[in-house]
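Working notes for the structure below.
Chains as they are written, first to last, in the numbering used here: chain V, 35 to 542; chain F, 35 to 542.
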């Protein structure tokens, strides 16, 4: 049943991919340093305050199995309240790997998560979608499939993501089956499964077993599940159940406190980071108690609020600074990091949207994030997935490939022969050195208009969202699905239809 | 004549300012580290290659006085070609101060340029202006004055800039008089003078003498002049004349190579940086030969090209990485740095404009730039100054005030009492800790819309440029000029009218 390694389909796909975007790597190996905001003293202080929160207040964990695991590991349990001695939770995290491979259906697309690697994944979880022609509407399975196809066709996204939008036309209890199927069928990049109920997490893992082979999963990660803390200081049973489902199958939960300062945590950054660090470590520790050595990602989602209205804000300076510290905390515990993305509260793809997105994405790049969910498409604080926003964000991800390469200081790059050839006051346009580097020099944007004012005016004064809209249409028209083994496809379809038949529809 | 220090006018203005924007500092003292991309080995290599360019090729300097100064200092001169032994130019730069104060007419607005300080100044030099209502048109003196007024009224800009747009309705040979007058009359922030001819530089300095007192200028910097290298490797006589005029008056030239890779320098970043470093140091050295110890700024303006069309590109990854290295080179020579700004090639304030602006501005922040020209208003690769763009960029400058503060790790910020009060699963909205920090927590944007989709829709689905347009109107309507001593104002007006009467109009 498994076709993963070296099968015909994989070979065919690999060649096709190479043709489509020759320069697209499976993921980025960063060649620039992380930005280290704090020194050891500051980091130790944050760790100590996180420990203090876990010792003095503790977390409520609404899941008897998880509470039992922590009790057996030596935590202090009082009903659902679990407290930890300082240093205990960090010690429980020690078995987690600092980096791991998430295997993709196409082995050339497998991603290394951790270390100096960067993986871009689309935005996640919005009930609405927006495009320039149709405006804002509820997401459908067709939209979901479109975004999977766009992420597959985008050279600068390395991952298919998870709930790229909510397919609201499918019953709540069956969506996960269609979503996982779409990731496996319409893409060959790595992907994320469901977490909304433990059984849905298990279905997701089971479908991965069909696609990759049950035996392969025993020793390899092929699916991620994004699991949120119910901040402040609560682990919900659905979420701990999902952690247990993924970890027991040796698959990777992404453990993410979601903190809007002033609501789910303090308005002050230091406290919010200490809290997030504590909450994340407890989730990581749970997975390690279920299966020591299983892969896991240290996640973070910090944002701010407009305090006059209570509305969440994104792309603001506080979470950007916070991300830098969070990156240091993740490295301190030795775990791969998920952080930030292209966030905005703007309802449309305007200057606000891209300013905020650039600020939050740059924070991800500087802080050393390894898995950057929400890299493309996010609008309205996550409530809408934008088609054109997806394209412009993905274009920025492309630029970041160049940024993360840093600077080449080899002799050829210094162009001394060029200076000798050109001399003072002449131009480098036709210089031999320029001709040698003409083809590869400079990042070339999909969507930026660099033409003159007159050219731009005579072409209809088009804005970036109009150019991106064209790109969406072009990419969807050119889309061809990656090959899949017929037997695997049939087995996946069978699984989906049987599971759907087993349950009545639930719409909420 | 001088009213600078402690006069009535200064006191009045200072109080008015405090009322208008209580939290606005005169400049930023950064509390986060610079981003250090390269280690010593890489920096030494760039320095060595720059030295090699100056030794093997040299620069053409079209100004006999400057060539004579370099000859006397030990350079090898062959006609206009000047060559330097390795290390010589850097040694000539050694007398320049690492930081200096540029005094403003309002002493509370004086800025420290260098060290860990950051000063934001408006964009510079565009012949066109654009606003939402009127579209694109040539700039006028009214537009110029409007931008001076907006920069004065903006708490997040520390400097009035220079040629904030070209007042195209005024003769070329007389514009500088109206521009300098506008900076002195409609603002009390520090400003920049003319550089387009040595006599215009001298007029600018003379007007500064009227406003600040001739004696004051002898030992204090009150005016900057932005001087461009004619890259590659040429110093034009107008520019060296301007350097000499500013330096001899103990005022600060900003020495800036303008390199679009592939045109005025190689397409490869390492070579362009080595070239820029060499060119800048020669300009700095010239000022030091004219007057050792006079203030100067190490400037940089690197950008890329769309190689298929030859069009300049901005906000791309290569110059962002280049800026990080340039910052390190400036610190290596021990000089204050001007670098980057809110650059874009977009013709309008759209997503492209703000994405590119954010990328280039973040590079300035990370690289340790001390004086950030082009912080607000830039469109179309510098050809147009946008009213709404100015507002959104200035708003981002405000956010960067918060970013550059970094993180406070005092006990109160960790909110342990808040966690004890709130406990797991409750919200921080009404917590005592939140109430204590409610007023000061979180950056509050001028232009971002953080309302819900429904609120935004019902309010007319307005985009950020529409909100910024309102802000322009509001700020210009509320504008009141800072006080000025009547005698000073009269003397400035006299100087302008006499100088204008001395010359026939020139229109090109």
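We treat Cβ as the ideally placed atom computed from N, Cα and C, and that holds for glycine.
Please compile the residues from chain F whose C-beta is within a distance smaller than 7 Å of the C-beta of residue i.
i: residue 3 (chain V); result: The shown model of chain V, from 35 to 542, leaves out residue 3 (chain V), and the question about it has no answer.
To the nearest angstrom, report how far apart residue i and residue j are at their CA atoms.
i: residue 449 (chain V); j: residue 345 (chain F); result: 21 Å
i: residue 472 (chain F); j: residue 415 (chain V); result: 22 Å
i: residue 227 (chain F); j: residue 287 (chain F); result: 10 Å
i: residue 401 (chain V); j: residue 213 (chain V); result: 31 Å
i: residue 499 (chain V); j: residue 385 (chain F); result: 8 Å
i: residue 487 (chain F); j: residue 389 (chain F); result: 23 Å
i: residue 55 (chain V); j: residue 189 (chain V); result: Caution applies to residue 55 (chain V), whose pLDDT of 49 falls short of 50 and renders its modelled position unreliable; the model cannot decide the point.
i: residue 176 (chain V); j: residue 311 (chain V); result: 38 Å
i: residue 118 (chain F); j: residue 307 (chain F); result: 18 Å
i: residue 524 (chain F); j: residue 219 (chain F); result: 11 Å
i: residue 538 (chain V); j: residue 236 (chain V); result: 18 Å
i: residue 174 (chain V); j: residue 387 (chain V); result: 24 Å
i: residue 417 (chain V); j: residue 391 (chain V); result: 15 Å
i: residue 211 (chain V); j: residue 495 (chain F); result: 36 Å
i: residue 297 (chain F); j: residue 462 (chain V); result: 5 Å
i: residue 455 (chain V); j: residue 295 (chain F); result: 16 Å
i: residue 260 (chain V); j: residue 442 (chain V); result: 37 Å
i: residue 483 (chain V); j: residue 396 (chain V); result: 22 Å
i: residue 394 (chain V); j: residue 375 (chain V); result: 6 Å
i: residue 63 (chain V); j: residue 150 (chain V); result: 6 Å
i: residue 229 (chain F); j: residue 103 (chain F); result: 20 Å
Check the C-beta distance from residue i over to residue j and give it rounded, since I have them as a contact under 8 Å.
i: residue 116 (chain F); j: residue 109 (chain F); result: 5 Å
i: residue 399 (chain V); j: residue 335 (chain V); result: The pair is not a contact, with the Cβ atoms about 17 Å apart (cut-off 8 Å).
i: residue 161 (chain V); j: residue 172 (chain V); result: 6 Å
i: residue 244 (chain V); j: residue 522 (chain V); result: 7 Å
i: residue 340 (chain F); j: residue 347 (chain F); result: 5 Å
i: residue 268 (chain F); j: residue 459 (chain V); result: 4 Å
i: residue 513 (chain V); j: residue 183 (chain V); result: 5 Å
i: residue 422 (chain F); j: residue 502 (chain F); result: 4 Å
i: residue 248 (chain F); j: residue 143 (chain F); result: That pair is no contact at about 21 Å.
Would you call residue i buried or exposed, if buried means 16 or more other Cβ atoms sit within 10 Å of its Cβ?
i: residue 506 (chain F); result: buried
i: residue 541 (chain F); result: exposed
i: residue 44 (chain F); result: Low confidence applies here, because residue 44 (chain F) scores a pLDDT of 38, under 50, leaving its location unreliable; read the following figure in that light. Buried, because 16 or more other Cβ atoms sit within 10 Å of the Cβ of residue 44 (chain F).
i: residue 532 (chain F); result: exposed
i: residue 435 (chain F); result: buried
i: residue 527 (chain V); result: exposed
i: residue 349 (chain F); result: buried
i: residue 121 (chain V); result: exposed
i: residue 469 (chain V); result: exposed
i: residue 338 (chain V); result: buried
i: residue 35 (chain F); result: Since pLDDT at residue 35 (chain F) reaches only 32, below the 50 mark, its modelled position is unreliable, and the value read off the structure follows with that caveat. With fewer than 16 other Cβ atoms within 10 Å, it is exposed.
Name, please, each residue of chain V whose Cβ falls closer than 9 Å to the Cβ of residue i.
i: residue 398 (chain F); result: Result: empty, since nearest Cβ-Cβ is about 12 Å, beyond 9 Å.
i: residue 417 (chain F); result: 486, 487
i: residue 90 (chain F); result: 450, 453, 454
Which bits of chain V does residue i rub up against, with CB to CB less than 8 Å?
i: residue 357 (chain F); result: In chain order: nothing, as chain V lies at least about 11 Å away.
i: residue 157 (chain F); result: Under the 8 Å cutoff, chain V gives no residues; its nearest Cβ is about 16 Å from residue 157 (chain F).
Quick one: which chain F residues come within Cβ less than 9 Å of residue i?
i: residue 264 (chain V); result: 458, 459
i: residue 146 (chain V); result: The contacting residues do not exist; residue 146 (chain V) stays about 22 Å from chain F at best.
Under 8 Å Cβ-Cβ, which residues of chain F neighbour residue i?
i: residue 83 (chain V); result: 448, 450
Please indicate yes or no: does the CB of residue i lie closer than 7 Å to some heavy atom of the ligand FAD?
i: residue 364 (chain F); result: With respect to the ligand FAD, the structure shown offers nothing to examine, as it has no ligands at all.
Can you pull the chain V residues whose beta carbon is under 7 Å from the beta carbon of residue i, in chain order?
i: residue 406 (chain F); result: Chain V residues near residue 406 (chain F): none, gap ~16 Å exceeds 7 Å.
i: residue 437 (chain F); result: 351, 354, 355
i: residue 172 (chain F); result: Those do not exist, as residue 172 (chain F) stays about 12 Å from chain V at its closest Cβ, beyond 7 Å.
Could you tell me whether the segment 429 to 448 of chain F touches the segment 261 to 273 of chain V, where touching means 3 or more Cβ pairs closer than 8 Å?
-> Flag = no, the segment 429 to 448 of chain F and the segment 261 to 273 of chain V do not touch.
At least three beta-carbon pairs within less than 8 Å, the segment 437 to 457 of chain F to the segment 187 to 196 of chain F = No, the segment 437 to 457 of chain F is not in contact with the segment 187 to 196 of chain F.
Counting pairs of beta carbons, one from the segment 357 to 373 of chain V and one from the segment 389 to 407 of chain F, are three or more of them closer than 8 Å?
-> The way I'd put it, the segment 357 to 373 of chain V doesn't touch the segment 389 to 407 of chain F; fewer than three beta-carbon pairs between them come closer than 8 Å.
The segment 91 to 100 of chain F contacting the segment 129 to 142 of chain F, beta-carbon criterion three pairs below 8 Å | Short answer: they don't touch.
How about the segment 278 to 286 of chain V and the segment 314 to 329 of chain V: do they share at least three Cβ pairs that are nearer than 8 Å?
-> Of all C-beta pairs linking the segment 278 to 286 of chain V to the segment 314 to 329 of chain V, three or more are shorter than 8 Å, placing the two stretches in contact.
Would you be able to state if there are at least three C-beta pairs under 8 Å between the segment 74 to 87 of chain F and the segment 162 to 177 of chain F?
-> Under the Cβ criterion (8 Å, minimum of three pairs), the segment 162 to 177 of chain F does not count as touching the segment 74 to 87 of chain F.
Three or more C-beta pairs closer than 8 Å, one from the segment 198 to 205 of chain V and one from the segment 134 to 151 of chain V: is that the case here?
-> For the pair of segments examined, the segment 198 to 205 of chain V was found not to touch the segment 134 to 151 of chain V: the number of CB pairs separated by less than 8 Å stays below three.
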